[in-house]
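Trainee: Before we start, here is the structure in question, set down as structure tokens.
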Amino acid sequence: MRSIKVAWAVVFCTLATFIFSGQASFAADAKAATNPRAVIQATVMELNQQLGQLKQGQALAGESLEQIINSSLLPKADLGFMLKQILGPEWRGITPKKQQELLVAFKARLVTTYSAILKNYNNQRIKVFPLRGGLAANTNKRDGMDTVNIKTMIFGGGQPLDVTFSMVKTTNGWKVFDVIASGVSVVQSFSSQFRPFVKQNGVDSLIEALKKPVSRS
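Numbering (numbering that gives the first Met the number 0), first residue to last: 0 to 216.
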């Protein structure tokens, strides 16, 4: 189903999504951190391997899925930079302490949400396209940071899905901060919800809202 493929792609974003410790099983992981395309390739390889081993004819367990997200997906993304893009000027008005609280709450919500989505995993395949003209020719500046877009295509039932991973260069290598699937940006989607909410209710209310339990159907 196309909606499931979109959701599965978004999981890579989170790509969380954010600067945490962790090592990929990809043999060239250290080198991959300096090459954004290789980061995506390594993550795909590791995730497919882990999910395939976990499934093996059984329903995917929520607890095990959360472990995979924390160990394989979250280290490949920069949640702080992502939240900065989501909240825009509202982010600058939040104290560092509250930014950290929001980061923790957002990460926890993402883990819970995407562990449910990953239950629909069914051996989807992803093709990662090379950067035409090389990395330097495709690098742009965003908030003073080097960024690049990595284009991919996901296969697995129905029409192939075009997915673009937006990545930022950090001191720990290239990290994902946005995913655009079928023209829909994760950052823009969250931004349309979070910005007006924070403006009207404040960041504390957003933190509390993110902490509320969600359905794990």
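Backbone N, C-alpha and C define an ideal beta-carbon position, used for all residues, glycine too.
#1: What's the gap between the Cα of Val162 and the Cα of Arg194?
#2: Do Ser114 and Ile39 have their C-beta atoms within less than 7 Å of each other?
#3: Taking the alpha carbon of Lys150 as the reference point, which residue from Met166, Val202, Pro95 and Gln99 has its own alpha carbon closest?
#4: Curious, which full-length alpha helix (DSSP H) runs of at least 4 residues does the segment 131-183 contain?
#5: Report all residues from its chain with a CB closer than 7 Å to the CB of Arg36; omit the five preceding and five following residues, and keep chain order.
#6: Select from Phe164, Gly157, Met152 and Gly155 the residue whose C-alpha is nearest the C-alpha of Thr146.
#7: Are Ala76 and Val175 touching if we call contact CB-CB under 7 Å?
#8: Strictly by DSSP, which residues pair up with Ile125?
#9: Along the alpha helix (DSSP H) that carries Ala41, what are the first and last residues, could you check?
#10: Under the rule that 16 or more other beta-carbon atoms within 10 Å means buried, what is Gly172, buried or exposed?
#11: Within 10 Å of its beta-carbon, does Asp142 have 16 or more other beta-carbons around it, so buried, or fewer, so exposed?
#12: Measure from the alpha carbon of Lys106 to the alpha carbon of each residue in Ile125, Glu89 and Leu73, then state which is nearest.
#13: Using 10 angstroms around the beta-carbon of Lys286, count the other beta-carbons present and answer buried if the total reaches 16, otherwise exposed.
#14: Out of Met144, Ile93, Arg124 and Leu64, state which residue places its alpha-carbon closest to the alpha-carbon of Ser204.
#15: Distance, Cα to Cα, Met144 vs Pro88?
#16: For Ile206 and Gly132, I'd like the C-alpha separation in whole angstroms.
#17: On a CA-only basis, which of Pro159, Ser70, Gln192 and Lys168 is nearest Arg124? Give me that one, please.
Mentor: Taking the structure as given:
#1: Translated into positions along the sequence shown, residue 162 becomes position 163. Translated into positions along the sequence shown, residue 194 becomes position 195. Those two C-alpha atoms are separated by around 25 Å.
#2: As a working mapping, residue 114 is identified with position 115 in the sequence shown. As a working mapping, residue 39 is identified with position 40 in the sequence shown. No, Cβ-Cβ distance for Ser114 and Ile39 is not below 7 Å.
#3: Here the question's residue 150 lines up with position 151 in the sequence shown. Looking at the Cα atoms, Met166 is the closest of the given residues.
#4: 134-137
#5: Here residue 36 refers to the residue found at position 37 of the sequence shown. So the qualifying residues of the chain are Val127, Pro129, Leu130 and Ile149.
#6: Position 147 of the sequence shown holds residue 146. Minimum Cα distance to Thr146 is reached at Phe164.
#7: As a first step, residue 76 must be located in the sequence shown, where it is residue number 77. As a first step, residue 175 must be located in the sequence shown, where it is residue number 176. Cβ distance < 7 Å, so Ala76 and Val175 count as in contact.
#8: Here residue 125 is taken as the residue at index 126 of the sequence shown, counted from 1. Looking at the DSSP assignment, Ile125 forms a beta bridge with Ile153.
#9: Position 42 of the sequence shown, counted from the start, is the residue given in the question as residue 41. Start and end: Pro35 to Lys54.
#10: In the sequence shown, the residue the question calls residue 172 occupies position 173. By the neighbour-count rule (16 or more Cβ atoms within 10 Å), Gly172 is buried.
#11: Your numbering for residue 142 matches position 143 in the sequence shown. Burial call: exposed.
#12: Residue numbering aside, residue 106 sits at position 107 when the sequence shown is read from its first letter. The residue with the shortest Cα to Cα distance from Lys106 is Leu73.
#13: The chain is shown from 0 up to 216; residue 286 falls before or after that span and cannot be answered.
#14: What you label residue 204 is simply residue 205 of the sequence shown in a count that begins at 1. Here the closest residue by C-alpha is Ile93.
#15: As a first step, residue 144 must be located in the sequence shown, where it is residue number 145. As a first step, residue 88 must be located in the sequence shown, where it is residue number 89. Roughly 17 Å between the two C-alpha positions.
#16: The sequence position of residue 206 within the sequence shown is 207, counting from 1. The sequence position of residue 132 within the sequence shown is 133, counting from 1. Between Ile206 and Gly132, the C-alpha separation is close to 42 Å.
#17: The residue given as residue 124 occupies position 125 in the sequence shown. Of Pro159, Ser70, Gln192 and Lys168, the residue nearest in Cα terms is Pro159.
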